[in-house]
Amino acid sequence: MDPRAYTIKQISVFSENKPGRLMAIAGALEEESINILAFSIAEANGFGVVRALVDKPEAAYKKLNAMGFMVSFTDVIAVKMRDVPGGLFEMAKLLSDAGINIEYSYAYSGREAAVLILRVDQVENAVKSIIFRGGNLLKSADLSGSP
Amino acid sequence: MIAWDPNMEMMPEAGLKKLQFRLLKTLVYRLYSFSNFYHERMVQHGVHPDDITSLDDLRRLPFMYKTDLRDGYPDKIFTAEQDELVRYHVSSGTTGKPTVVGYTKHDLDTWTESLARALTSCGLGRGDVVQVSYGYGLFTGGLGLHYGAERIGASVVPTSVGNTERQIELMQDLLVTAICCTPSYLMHIGDAAKKMGVSIRDDTHLRAAILGAEPWSEQMRTRIEDEMGIRAYNIYGTSELSGPMFCECTEQNGIHMWSDICLVEILDPETDEPVPEGEKGEMVVTILQKEALPIIRYRTGDITSLDTSPCPCGRTHPRIARLAGRVDDMLIIRGINVFPSQVEHALLGIPAVSGHFMIEVSRRGALDDMLVRVELNPEAFSDKINDLMAIRGMVAHTLKNALNVSVDVEIAEPGSLPRFEGKAKRVIDRREY
Ligand SMILES: [Zn+2]
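Chains U and E, in that order, are what the protein sequence lines are.
Residue numbers for the first sequence follow the numbering used here, beginning at 892 and rising by one.
Residue numbers for the second sequence follow the numbering used here, beginning at 4 and rising by one.
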């Protein structure tokens, strides 16, 4: 198993808390026919970080960068949750047993299951440890726009 | 040569004070008797020359403002007859009338002597080739440095400003060792030389630059010195005082203000009270030897601090620090004087943010709120909000230490804050009085 296959590129965008900034980001991605699969905003007083999983991260990076946004790639992992009662608890237990330190997380509803996006400090170890415990991770290829 | 006039430059402090008092007393009597302007001012102020019994009594004398000089246009305040004047300089007025400064032969001599000491103190002398790239003409920079450098026996190349390629050729061909110009013109020369394929460091004999006539920073000094392999010295003076007159010694730690030529006070610009030594305030200057246009307690508007401790170079005359800004730029936040230049300086020391910033001041109830918006450096961007909060906290902490007043900090996107050409207007004051 190559843990890198499970490493997903999230784009992170710095944004001042000003009206219109979020719309500008979303609009630019739409213009480039980039699909946003998952999305979260972390806010502090006066500024925020927009985090998104998209089907064409390189194109999104290029476009936003050219518009003057501060953009970076962040490696994250995406864990499929069983869409049954207790699915979240199961997941939380697995992560805690695996001793994974989560910087932040957000969820989206995927085609077959709910997916939890995790930003962890040691991606490769986390991947190995989750798979070892029977967790179900998405591959980056699952998200890419190519069929 | 160690010093141009060692007896004067290294005179013990007590001797200098005695000399200053004698010169001040003579000056005040002379002006009370011969200057309508000063006579009237002293009478209005209720002070008579007999009241000056110590150097501290200087503080009983009235201030002189830039507006006094402008109102005196062209020569109403002069205390010399036209046939005693040997030169005029005229400072361009950014607002309204210009200021005319007249010089007697003695005035020119004092000015030149001051510069001879200054240039010697930064290691120049006979055998040096000095390129004077300040403007010649009504502006005092060119002619001032020209005669100062001639007096110490250096060979002067009077290039004035402009025709930069030719300046670089002459610098190479005449083996120029020192240049006098504005810091921005020297940087321009550096860029132009690069384009010509000339390295100032390797292809010229330049070893010193005497820089002034516009604000600059320690960061610029480091950049110039590292790039060009030279020492850069800070020079101070304004046309009202005669012109550029005082310069750093080889210690590069403050500008010696010759005590037999001037008396320096550093005052709180709000209260007009002296600030403790080492603290910043407005520099108020009395020129002790000036015949044509006497200057007593002139409010320079320049913010600096004074250091009277002995200089390792051996000179006993006090030193002023690099100018920290202008009084006009000063903000009073919760009773504390704050200068945009302090903010700029503090931010330059933080790699996570850029030098582009804005200051917004508002009032909440009775309290002043100061907000500093600064652009994040793209390299410092993190997807973790905690990292960004930590940067903001660190900036706020650094500013609080530098300004002695707490400020709010907002992190802005790169390129989002205004860019300025020429004088930056970084302050938005929304307080109503
Ligand atoms: Zn010194």
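Idealized CB from N, CA, C, for every residue including glycine.
C-alpha distance - residue i paired with residue j, whole-angstrom precision
i          : j          : result
Pro315(E)  : Glu254(E)  : 7 Å
Phe930(U)  : Asp271(E)  : 54 Å
Thr143(E)  : Ala152(E)  : 14 Å
Ile423(E)  : Asn256(E)  : According to the sequence provided, residue 423(E) is Phe. The question's Ile does not apply to it. One C-alpha to the other measures close to 30 Å.
Ile238(E)  : Ser220(E)  : 13 Å
Ile339(E)  : Asn407(E)  : 8 Å
Leu49(E)   : Leu64(E)   : Here residue 49(E) turns out to be Gly, not Leu, going by the sequence shown. Each residue's alpha carbon lies about 9 Å from the other.
Gly328(E)  : Glu363(E)  : 18 Å
Val1018(U) : Asn404(E)  : 44 Å
Gly937(U)  : Pro910(U)  : 12 Å
Ala998(U)  : Asp372(E)  : 39 Å
Phe905(U)  : Leu913(U)  : 10 Å
Ile299(E)  : Ser245(E)  : 13 Å
Pro354(E)  : Leu379(E)  : 9 Å
Gln23(E)   : Ala216(E)  : 27 Å
Asn166(E)  : Arg90(E)   : 27 Å
Lys100(E)  : Thr70(E)   : 10 Å
Gly281(E)  : Leu122(E)  : 25 Å
Ile171(E)  : Ile213(E)  : 17 Å
Asn926(U)  : Gly918(U)  : 11 Å
Arg367(E)  : Val375(E)  : 16 Å
Ser903(U)  : Ser419(E)  : 18 Å
Glu1015(U) : Ile991(U)  : 11 Å
Tyr301(E)  : Val164(E)  : 30 Å
Phe1023(U) : Leu985(U)  : 10 Å
Tyr236(E)  : Cys125(E)  : 7 Å
Ala324(E)  : Tyr76(E)   : 32 Å
Thr185(E)  : Lys293(E)  : 26 Å
Ile264(E)  : Phe40(E)   : 22 Å
Ile335(E)  : Ser409(E)  : 13 Å
Gly396(E)  : Phe384(E)  : 15 Å
Pro381(E)  : Thr241(E)  : 41 Å
Glu230(E)  : Met199(E)  : 16 Å
Asp974(U)  : Gly1026(U) : 14 Å
Asp1033(U) : Ala196(E)  : 56 Å
Glu922(U)  : Val962(U)  : 18 Å
Leu243(E)  : Trp261(E)  : At residue 243(E) the sequence reads Glu, which differs from the Leu that was named. Cα to Cα, the separation comes out at about 16 Å.
Val412(E)  : Ala349(E)  : 13 Å
Asp438(E)  : Pro321(E)  : A question about residue 438(E) goes unanswered here, because the residues of chain E that appear run from 4 up to 436.
Lys900(U)  : Leu1029(U) : 12 Å
Ser46(E)   : Thr303(E)  : Correcting the residue type first, residue 46(E) is Val in the shown sequence and not Ser. Rounded to whole angstroms, Val46(E) to Thr303(E) spans 23 Å at the Cα level.
Heavy atom of ligand 3 within 7 Å of residue i beta-carbon
i         : result
Leu146(E) : By its list of ligands, the structure shown excludes ligand 3, since it contains just ligand 1.
* Quiz: which residues have CB nearer than 5 Å to ligand 1 non-hydrogen atoms -> With the cut-off at 5 Å, the residues found are Cys252(E), Glu254(E), Cys314(E), Cys316(E), Arg318(E).
* Taking Cβ-Cβ distances below 9 Å as the criterion, which residues of the segment 924-945 of chain U are in contact with chain E? -> Answer set for the segment 924-945 of chain U: Ala933, Glu934, Ala935, Asn936, Gly937, Phe938, Gly939, Val940, Arg942.
* Asked: Touch check for the segment 127-138 of chain E and the segment 168-183 of chain E: three-plus C-beta pairs under 8 Å?
  -> Contact holds: three or more Cβ-Cβ distances are below 8 Å.
* the segment 387-405 of chain E: positions lying closer than 9 Å to chain U by Cβ -> Correct list: Lys387, Ile388, Asn389, Leu391, Met392, Arg395.
* Would you list, in chain order, the members of the segment 327-355 of chain E that have their beta-carbon closer than 7 Å to a beta-carbon of chain U? => Within the segment 327-355 of chain E, no residue places its CB atom closer than 7 Å to a CB of chain U.
* Which full runs of the alpha helix (DSSP H) of 4+ residues lie inside the segment 36-100 of chain E, going along the chain? -> DSSP runs (the alpha helix (DSSP H)) wholly in the segment 36-100 of chain E: 39-47, 69-74.
* Stretch pair the segment 388-398 of chain E + the segment 947-960 of chain U: three plus CB contacts closer than 8 Å -> Segments in contact, no.
* Starting from the N-terminal side, write out each stretch of the beta strand (DSSP E) that is 3 residues or longer and does not extend beyond the segment 313-359 of chain E. => Taking only runs of at least 3 residues, the beta strand (DSSP E) segments lying wholly in the segment 313-359 of chain E are 334-336, 339-341.
* Where in the segment 919-997 of chain U do unbroken runs of the beta strand (DSSP E), each at least 3 residues long, occur, reported from the N-terminal end onward? -> 927-934, 938-945, 962-972, all fully within the segment 919-997 of chain U.
* Asked: Does the segment 89-96 of chain E come close enough to the segment 209-228 of chain E to have 3 or more Cβ pairs within less than 8 Å?
  -> Taking a contact to require three or more Cβ pairs closer than 8 Å, the segment 89-96 of chain E and the segment 209-228 of chain E do not qualify as touching.
* To do: Could you please tell me which residues of the segment 998-1029 of chain U, in chain order, have their CB closer than 9 Å to any CB of chain E?
  => Within the segment 998-1029 of chain U, those residues whose Cβ lies closer than 9 Å to any Cβ of chain E are, in chain order, Arg1010.
* Positions along the segment 413-433 of chain E whose CB lies within less than 9 Å of some CB in chain U -> Residues of the segment 413-433 of chain E with a C-beta less than 9 Å from any C-beta of chain U: Glu413, Ile414, Ala415, Glu416, Pro417, Gly418, Ser419, listed in chain order.
* **Any 3 or more C-beta pairs closer than 8 Å across the segment 50-59 of chain E and the segment 6-15 of chain E** => Short answer: they don't touch.
* To do: Say whether the segment 65-85 of chain E touches the segment 104-116 of chain E, bearing in mind that this needs 3 or more beta-carbon pairs closer than 8 Å, one atom from each stretch.
  => In short, these stretches touch, since the Cβ pair count reaches three.
* To do: Below 7 Å between beta carbons is the criterion; list the residues of the segment 962-984 of chain U that meet it against any residue of chain E, in chain order.
  => Correct list: Ser963, Thr965.
* Asked: Can you list, in chain order, the stretches of the beta strand (DSSP E) that have 3 or more residues and sit fully within the segment 138-162 of chain E?
  -> Note on the segment 138-162 of chain E: whole beta strand (DSSP E) runs with a minimum of 3 residues are 158-160, in chain order.
* **chain E contacts from the segment 907-918 of chain U (Cβ-Cβ distance under 7 Å)** => Within the segment 907-918 of chain U, contact with chain E at the beta-carbon level (separation under 7 Å) is assigned to Glu907.
* To do: Return the chain-ordered ranges of every alpha helix (DSSP H) run that is complete within the segment 220-281 of chain E and spans a minimum of 4 residues.
  => Counting only runs of 4 or more, we get 221-231.
* Positions along the segment 360-387 of chain E whose CB lies within less than 7 Å of some CB in chain U -> Those residues of the segment 360-387 of chain E that come within reach of chain U (Cβ to Cβ, closer than 7 Å) are Leu379, Pro381, Phe384, Asp386, Lys387.
* **Cβ contact (3+ pairs, closer than 8 Å) linking the segment 281-291 of chain E and the segment 190-207 of chain E** => Output reads no: the segment 190-207 of chain E does not touch the segment 281-291 of chain E.
* In the segment 180-215 of chain E, which residue ranges form an unbroken alpha helix (DSSP H) of at least 4 residues, counting only runs that do not cross its ends? -> Correct list: 186-198, 203-206.
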